[in-house]
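Visitor: This is the structure I have questions about; it appears just below.
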Amino acid sequence: MLEFKNVSYVASNADGEKEIIKNVSFEIDQKFTCLTGPNGGGKSTLAKLIMGIIKPTEGRIMFEGRDITQLSITERAKEGISFAFQQPVRFKGITVSDLINFAGERKLKMNEICEYLSEVGLCAREYVNREVNASLSGGELKRIEIATAMARGAKLSVFDEPEAGIDLWSFTNLIKVFEKLRDKMGGSLIVISHQERILNIADRIIVIADGKITEDGAPKEVMNKLFLAKNCKMLENGVKA
Amino acid sequence: MKEFSALEKQLLSTIADIESVPTGAYNIREDGRLKGRSTTENIDIVSKTDKSGIDIFIKPNTKNQRVDIPVIITKSGLNDLVYNDFYVGENADVLIVAGCGIHNPGCDTARHDGIHTFHVGKNAKVKYVEKHYGEGDGSGERILNPTTVVEIDEGGYLEMETVQIKGVDSTVRTTNAVLGKDATLIIREKIMTHGKQTAETHFTVDLNGENSGAHVISRSVAKDSSHQVYNSLVNGNNKCNGHTECDAIIMDNGTVSAIPRINANCVDATLIHEAAIGKIAGEQLVKLMSLGLTEKQAEEEIVNGFLK
Ligand SMILES: Nc1ncnc2c1ncn2[C@@H]1O[C@H](COP(=O)(O)OP(=O)(O)O)[C@@H](O)[C@H]1O
Ligand SMILES: [Mg+2]
């Protein structure tokens, strides 16, 4: 369904150039894939490459057998890709229901909107007409972001650290949301996460560090390796100290 | 009064949500003349004798009533100047809907200058809504220069919502307000300019009374090569609270200047000014595009929301 073929991404700014994604190739056909790895490893950059927010400096991206490398964000959205941001965007004057209507590409009925909001644990009525602005907390924005992705119901939904900021909300619910998305929406999910409980329900885990894939496989297998690696590191550090 | 023509209906519904002849008190001015008027037991409207315009008298304790005073211009070359004075009695609670729609079919300038004076009585509460809108295929300019003078007595409250929707080529908007003890003034201004339009805003608020408060919120969008200037001056002359906010989006070659001034003339005056000018945030566009909107649609939605 989604394929990266030798994708690299070099960011250039005032300080010079930095290769953030380094010749990465993979193919994802699973329903539920988790991307994990250390901070700064390149996960969000990879997600932005999928959505078309940034374009690879080298390589090709395929979606359902079609080369989408040059497609714009809008075109990719129309092809069936959606993306819930790590840091949700704030607006002035755009309401929660506006966003959900955009996502659904129609004017949803009040009870439909409420349903999406309830799914993510928001007391719906209070939020429908709220502006998606600075008056909402980070956690609230995060939940609205997830509800929006649900309303979009894309073939491939990418979530960037959905657990961040929603500490008061039980992970059981978050996991339920993803299970439901996977089963009910019929689409595939790529979830960037550090949460073991989310990683555990994935069909596949890809670990990204320093712009490269360092592990890739079934949760059990990858988790064991990660666990070992963590212990080795602790040992190493212990020896040094 | 007879029913409205299609053009009248369109202008009136755009500026004042009026679809048919209002049921409450109203005064409709068209092309410099009185088109229709109705008064009620509590609200009287009287033509001025010394100059063009009207006096609107709202009796004390009038509650939950609406007054409509729209002005429409359908001809080219008309230069209209009116004085409207509102006398709002003590403890009244009313909604006043003004607005000016210009349809200029020709190539001469059509201009309306309205001078509104509000005397808001003790503990009275007024909401004033004013929309400005211009249209027409001709090359004639559409000019609107509203001046608003406000006096709020003890405990009085005035909320002004002014909107310039589109199609006004040049506007100079002046508001001068003087507030008494415990008086409150809230102004929400929204302006969008496009083409070669210019818009200039001047707010002067004198917070004279103890515990008076003013909150001015201006949101504007300057598209194409239009230009806007926002001037505000708040004088805190007593224990008071003043807050002005100017928030502008610039697009294309649009330009905006914000010139805020706050004078604290009393040690217990608290005055704040905030101003932010910039183009639409890239991440806002990206978010909406990722939901399937084109860049153009995303821009429109962001601007519409901003000015909503
Ligand atoms: N536009 C950019 N210019 C320079 N460096 C960037 C840019 N975007 C991201 N980076 C850097 O690339 C690395 C990967 O970032 P990111 O993809 O956000 O990591 P992750 O999501 O895995 O934490 C980080 O070191 C980050 O600072
Ligand atoms: Mg990240």
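Protein chains in written order, with our numbering: chain A, 1316 to 1556; chain B, 2 to 309.
Virtual Cβ for every residue (Gly too), placed ideally from N, Cα, C.
From a predicted model like this one, the values you see are computed outputs, not experimental measurements.
1. For the alpha helix (DSSP H) holding methionine 1465/A, just list the boundary residues, first then last.
2. Ligand 2 heavy atoms versus the CB of glutamine 1401/A: any closer than 6 Å?
3. Rounded C-beta distance between proline 1371/A and serine 1327/A? I'm assuming under 8 Å.
4. According to DSSP, isoleucine 1336/A sits in a beta bridge with which residue or residues?
5. Check whether the Cβ of methionine 1366/A lies closer than 7 Å to any Cβ atom in chain B.
6. Would glutamate 1460/A pass as an interface residue toward chain B - the criterion being a Cβ-Cβ separation below 7 Å?
7. Hey, isoleucine 1415/A and methionine 1366/A are a contact pair by Cβ (cut 8 Å); roughly how many whole angstroms apart?
8. Going along chain A in order, which residues have a C-beta closer than 7 Å to the C-beta of glutamine 285/B?
9. Just to confirm the assignment, what range does the beta strand (DSSP E) spanning arginine 30/B have?
10. Given a cut-off of 7 Å, decide if methionine 1377/A and aspartate 1344/A are closer than it, judged by their beta-carbon atoms.
11. At least one CB of chain A closer than 7 Å to the CB of phenylalanine 307/B: is that the case?
12. Going by DSSP, what residue range makes up the beta strand (DSSP E) through phenylalanine 1378/A?
13. Return no unless some Cβ of chain B is closer than 7 Å to the Cβ of glutamate 1420/A.
14. Looking at lysine 1333/A and ligand 1, is the gap between the Cβ and the nearest heavy atom below 6 Å?
15. Does the beta carbon of glycine 293/B come closer than 7 Å to any beta carbon on chain A?
16. On the DSSP bridge list, what partners appear for glycine 54/B?
17. Are the CB atoms of histidine 310/B and glycine 78/B nearer to each other than 7 Å?
18. Can you tell me the Cα-Cα spacing of glutamate 1434/A and valine 1447/A, whole angstroms?
19. Using a Cβ cut-off of 7 Å (strictly closer), state whether methionine 1/B contacts chain A.
20. Check each residue of the region 1373–1393 of chain A: if its Cβ is closer than 9 Å to any Cβ of chain B, include it; give the result in chain order.
21. What do you reckon, is the C-beta of lysine 1358/A under 6 Å from a heavy atom of ligand 1?
22. Please list, in chain order, all residues of the same chain as serine 213/B whose beta carbon is under 6 Å from its beta carbon, the five residues on each side excluded.
23. Quick one: list the residues of chain A neighbouring isoleucine 303/B, beta-carbon separation under 9 Å, in chain order.
24. Quick check: the Cα distance between glycine 1352/A and isoleucine 1528/A, rounded to an integer number of angstroms?
25. Which one or two residues does DSSP pair with valine 1447/A in a beta bridge?
26. Decide yes or no for the touch test of the region 1355–1363 of chain A against the region 1404–1414 of chain A: beta carbon pairs closer than 8 Å, at least 3 of them.
27. Sorted by chain position, which residues of the same chain lie with C-beta nearer than 6 Å to valine 130/B's C-beta, five sequence neighbours on each side aside?
28. Does the contact criterion of 3 or more C-beta pairs under 8 Å hold for the region 31–39 of chain B versus the region 1520–1536 of chain A?
29. What does the Cβ neighbour count give for alanine 1556/A, buried or exposed, with the cut at 16 atoms within 10 Å?
30. Rounded to the nearest angstrom, how far is the Cβ of glutamate 1476/A from that of proline 1403/A, given a contact under 8 Å?
31. Please decide whether phenylalanine 1493/A counts as near chain B, where near means a Cβ-Cβ distance under 7 Å.
32. Arginine 1445/A versus chain B: which residues are under 8 Å apart at the beta carbon?
33. DSSP beta-bridge partners for phenylalanine 5/B?
34. If you draw a straight line from the C-alpha of arginine 1519/A to the C-alpha of serine 1387/A, how long is it?
35. So phenylalanine 1400/A contacts chain B; which residues on that side make the cut at Cβ distance below 9 Å?
36. Can you determine whether any heavy atom of ligand 1 sits closer than 6 Å to the C-beta of cysteine 1524/A, and answer yes or no?
Guide: So, from the listed chains and residues:
1. For this step, residue 1465/A is matched to residue 150 along the first sequence. 1453–1467 is the extent of the alpha helix (DSSP H) around methionine 1465/A.
2. Here residue 1401/A refers to the residue found at position 86 of the first sequence. Yes, the Cβ of glutamine 1401/A comes within 6 Å of a heavy atom of ligand 2.
3. The residue labelled residue 1371/A in the question sits at position 56 within the first sequence. The residue labelled residue 1327/A in the question sits at position 12 within the first sequence. That belief does not hold up - the Cβ atoms of proline 1371/A and serine 1327/A are roughly 14 Å apart, past 8 Å.
4. Position 21 of the first sequence, counted from the start, is the residue given in the question as residue 1336/A. The bridge partners DSSP lists for isoleucine 1336/A are Tyr1324/A.
5. Within the first sequence, the letter at position 51 stands for residue 1366/A. With 7 Å as the cut-off, methionine 1366/A counts as an interface residue toward chain B.
6. For this step, residue 1460/A is matched to residue 145 along the first sequence. Contacts with chain B at 7 Å (Cβ-Cβ) do not include glutamate 1460/A.
7. In the first sequence, counting from the first residue as 1, residue 1415/A sits at position 100. In the first sequence, counting from the first residue as 1, residue 1366/A sits at position 51. No, isoleucine 1415/A and methionine 1366/A are not in contact; Cβ-Cβ is about 19 Å, not under 8 Å.
8. As a position in the second sequence, residue 285/B is number 284, starting the count at 1. Within chain A, the residues near glutamine 285/B are Val1404, Phe1406.
9. The residue labelled residue 30/B in the question sits at position 29 within the second sequence. Note, arginine 30/B: beta strand (DSSP E), 26–31.
10. Taking the first sequence and counting its residues from 1, the one referred to as residue 1344/A is at position 29. Taking the first sequence and counting its residues from 1, the one referred to as residue 1377/A is at position 62. Their beta carbons are not under 7 Å apart, which means aspartate 1344/A does not touch methionine 1377/A by this criterion.
11. Residue numbering aside, residue 307/B sits at position 306 when the second sequence is read from its first letter. So yes, phenylalanine 307/B belongs to the interface.
12. The residue given as residue 1378/A occupies position 63 in the first sequence. Its beta strand (DSSP E) spans residues 1373–1378.
13. Stepping through the first sequence from its first residue, residue 1420/A is reached at position 105. Closer than 7 Å to some Cβ of chain B, the Cβ of glutamate 1420/A qualifies, so yes.
14. Locating residue 1333/A in the first sequence gives position 18, where the first residue counts as 1. Within the cutoff, so yes.
15. Residue 293/B sits at position 292 when you count from the first residue of the second sequence. Yes, glycine 293/B lies at the interface with chain A (some Cβ there is under 7 Å from its Cβ).
16. Taking the second sequence and counting its residues from 1, the one referred to as residue 54/B is at position 53. Note: glycine 54/B sits in a beta bridge opposite Tyr84/B.
17. Given a span of 2 to 309 for chain B in the structure shown, any question on residue 310/B remains unanswerable.
18. As a working note, residue 1434/A is residue 119 in the first sequence. As a working note, residue 1447/A is residue 132 in the first sequence. Looking at the two C-alpha atoms, the distance is approximately 18 Å.
19. Nothing about residue 1/B can be reported from this structure: the residues present for chain B run from 2 to 309 only.
20. Ser1387, Ile1388, Thr1389, Arg1391, Ala1392, Lys1393
21. In the first sequence, residue 1358/A corresponds to position 43, counting from 1. Lysine 1358/A: yes, Cβ under 6 Å from ligand 1.
22. Within the second sequence, residue 213/B is the residue found at index 212, counting from 1. So the list reads Leu180, Ala184, Cys241, once near-sequence residues are dropped.
23. In the second sequence, the residue the question calls residue 303/B occupies position 302. Near isoleucine 303/B (Cβ distances below 9 Å), the residues of chain A are Phe1406, Lys1407, Gly1408, Ile1409.
24. Here residue 1352/A is taken as the residue at index 37 of the first sequence, counted from 1. Here residue 1528/A is taken as the residue at index 213 of the first sequence, counted from 1. Whole-angstrom Cα-Cα distance: 9 Å.
25. Taking the first sequence and counting its residues from 1, the one referred to as residue 1447/A is at position 132. Per DSSP, none; premise fails for valine 1447/A.
26. no
27. For the purposes of this step, residue 130/B is taken as residue 129 along the second sequence, with counting starting at 1. Excluding its 5 nearest sequence neighbours in each direction, valine 130/B has C-beta neighbours in its own chain below 6 Å: Val98, Glu162, listed in chain order.
28. no
29. The residue labelled residue 1556/A in the question sits at position 241 within the first sequence. The pLDDT assigned to alanine 1556/A is 40, lower than 50, so where the model puts this residue is not dependable, and the model offers no usable value.
30. The count along the first sequence starts at 1 and reaches residue 1476/A at position 161. The count along the first sequence starts at 1 and reaches residue 1403/A at position 88. Distance from glutamate 1476/A to proline 1403/A at the Cβ level is roughly 11 Å; contact not present, criterion being Cβ atoms closer than 8 Å.
31. Looking up residue 1493/A in the first sequence gives position 178. No, its Cβ sits nowhere closer than 7 Å to a Cβ of chain B.
32. For the purposes of this step, residue 1445/A is identified with residue 130 of the first sequence, where counting begins at 1. Going along chain B, no residue has its Cβ under 8 Å from arginine 1445/A, so there is no contact; the nearest lies around 13 Å.
33. Reading the second sequence from its first residue, position 4 is the one you call residue 5/B. DSSP lists no partner for phenylalanine 5/B.
34. Stepping through the first sequence from its first residue, residue 1519/A is reached at position 204. Stepping through the first sequence from its first residue, residue 1387/A is reached at position 72. Their backbone Cα atoms lie some 28 Å apart in a straight line.
35. Here the question's residue 1400/A lines up with position 85 in the first sequence. Within chain B, the residues near phenylalanine 1400/A are Glu284, Val287, Lys288, Ser291.
36. Counting from 1 along the first sequence, the entry for residue 1524/A is found at position 209. According to the sequence as given, residue 1524/A is alanine; it is not cysteine. No, Cβ of alanine 1524/A sits at least 6 Å from all heavy atoms of ligand 1.
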